[in-house]
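Remarks on the structure that follows.
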Amino acid sequence: MSAESAGSRPVWMGRPKPATSAVKGVVVVVILALIAVPFWLVLATSVSSDAKVNANGGWSLWPDELDFSAYTSVFKGGTIGHALWVSVLVTGLGTALSLASTTFLAYALSRPNVLAGKPILLAVLFTFLFPAGMIPSFLVVTDLKLFDHLAALFVPAMINVFNLVVMRGFFQGIPEELYEAARLDGAGDVRTLFRIVLPLSKAIIAVVGLYYAVGYWNDYFRAMLYTNGGDLNPLSTVLRGFVVAGNNPNQEVGLNITGMAPMKAISALVVIAIVPIAAAFPFLQRYFTKGVMTGAVKS
Numbered sequence: 012m013s014a015e016s017a018g019s020r021p022v023w024m025g026r027p028k029p030a031t032s033a034v035k036g037v038v039v040v041v042i043l044a045l046i047a048v049p050f051w052l053v054l055a056t057s058v059s060s061d062a063k064v065n066a067n068g069g070w071s072l073w074p075d076e077l078d079f080s081a082y083t084s085v086f087k088g089g090t091i092g093h094a095l096w097v098s099v100l101v102t103g104l105g106t107a108l109s110l111a112s113t114t115f116l117a118y119a120l121s122r123p124n125v126l127a128g129k130p131i132l133l134a135v136l137f138t139f140l141f142p143a144g145m146i147p148s149f150l151v152v153t154d155l156k157l158f159d160h161l162a163a164l165f166v167p168a169m170i171n172v173f174n175l176v177v178m179r180g181f182f183q184g185i186p187e188e189l190y191e192a193a194r195l196d197g198a199g200d201v202r203t204l205f206r207i208v209l210p211l212s213k214a215i216i217a218v219v220g221l222y223y224a225v226g227y228w229n230d231y232f233r234a235m236l237y238t239n240g241g242d243l244n245p246l247s248t249v250l251r252g253f254v255v256a257g258n259n260p261n262q263e264v265g266l267n268i269t270g271m272a273p274m275k276a277i278s279a280l281v282v283i284a285i286v287p288i289a290a291a292f293p294f295l296q297r298y299f300t301k302g303v304m305t306g307a308v309k310s
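Its first residue numbered 12, the sequence shown is counted upward by one per residue in this note's numbering.
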């Protein structure tokens with residue numbers, strides 16, 4: 012039995028030298044530090060005392076004692092709580108509608124001999140290569156009576172062309188024999204989509220859904236462009252105004268944090284904005300693996 016068949020490292024790969032392994036380990040550690048340290052710095056600053064944050068120039072690497080006053084203060088008055096609810100609502104509705112519309116359109120464009128399939132695909136790709144500017148988009152939203160409406164925060168971005176192209180390519184990669192078997196069983200296009208295609212596409216659906224969710228959650232510009240603010244401001248827009256305000260956040264976003272270190276309050280807002288979307292990654296990671304295994308074609 013050869014070494015490769017026995018499950019050991021293939022001969023052609025060779026065994027890495029100790030120096031190479033050490034360099035790879037150092038690179039991995041450095042990359043992890045560059046990612047983890049900023050997160051830790053923000054979290055530590057948000058729970059440090061105001062005296063330590065002010066003494067360190069607005070940052071704290073390690074809190075002497077835990078102080079959660081920044082979180083209680085930013086939630087006072089209901090501004091952050093309402094903005095968080097708007098973000099959750101927009102992310103939920105937007106992701107569901109975007110995922111559904113992208114899936115249906117990608118499936119239609121992936122099938123051969125679809126009526127006007129190529130012209131529609133070229134029109135979609137044209138918007139990707141030559142996107143509309145800010146003013147035309149604003150005029151379209153206004154003409155559709157969506158200005159200062161909750162739908163303005165997700166309808167203009169309902170279909171992302173990149174996500175559409177990725178999902179269309181995945182659908183085209185599904186073996187044609189499965190489509191033929193479904194047709195022989197009398198299944199139409201809609202039944203084939205729900206009974207054959209979607210169960211094999213859990214991985215790409217999870218990935219595209221995550222892209223949409225992160226995009227909606229982090230977007231702040233549409234609220235500034237298509238609404239008058241106020242009750243329609245999502246959390247990202249409030250955070251943006253808070254950061255821009257700098258040392259005078261009370262005047263900019265109407266938060267009562269008098270006497271608190273501004274960077275401490277900003278760090279608390281950043282943590283509030285990061286935690287919900289970051290908490291979804293471990294669950295989606297497992298879902299990615301499950302979707303890939305479900306969609307795998309065994310030889």
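Ideal placement from N, C-alpha and C gives every residue a C-beta, glycine not left out.
Mind checking which residues open and close the alpha helix (DSSP H) that includes residue i?
i, result
"residue 50", "29–57"
"residue 105", "90–121"
"residue 125", "Counting along the chain, residue 125 falls outside any alpha helix (DSSP H), and DSSP gives it neither H nor E."
"residue 61", "61–66"
"residue 81", "80–86"
"residue 194", "187–195"
"residue 166", "From DSSP, residue 166 is part of no alpha helix (DSSP H); its letter is neither H nor E."
"residue 77", "Segment: none, residue 77 is in no alpha helix (DSSP H) and carries neither H nor E."
"residue 180", "172–183"
"residue 150", "145–154"
Roughly how far, in whole angstroms, is the beta-carbon of residue i from the beta-carbon of residue j, given that I think they are within contact range, below 8 Å?
i, j, result
"residue 271", "residue 61", "6 Å"
"residue 56", "residue 275", "6 Å"
"residue 170", "residue 112", "6 Å"
"residue 223", "residue 106", "5 Å"
"residue 165", "residue 104", "6 Å"
"residue 172", "residue 125", "About 18 Å separates the two Cβ atoms, so there is no contact after all."
"residue 101", "residue 245", "6 Å"
"residue 189", "residue 117", "Their Cβ separation, rounded to whole angstroms, is 17 Å, which puts residue 189 and residue 117 out of contact at 8 Å."
"residue 247", "residue 182", "That pair is no contact at about 32 Å."
"residue 110", "residue 216", "7 Å"
"residue 91", "residue 85", "5 Å"
"residue 239", "residue 159", "5 Å"
"residue 54", "residue 282", "6 Å"
"residue 219", "residue 177", "7 Å"
"residue 167", "residue 233", "7 Å"
"residue 72", "residue 52", "6 Å"
"residue 221", "residue 295", "6 Å"
Compare the C-beta of residue i with all C-beta atoms of chain D and state if any pair is closer than 8 Å.
i, result
"residue 86", "The structure shown contains no chain D; it holds only a single protein chain."
- Should the stretch 72–82 be regarded as contacting the stretch 92–109, the criterion being three or more beta carbon pairs within less than 8 Å? no
- Item | Segments assigned alpha helix (DSSP H), at least 4 residues, entirely inside the stretch 199–286 | 200–203, 213–229, 232–237, 246–256, 260–264
- Query: Using 8 Å as the threshold, is the stretch 122–132 in touch with the stretch 277–288, meaning 3 or more CB pairs across them?
  - Reply: no
- Message: Within 8 Å, do at least three Cβ pairs link the stretch 188–197 to the stretch 216–236?
- Response: no
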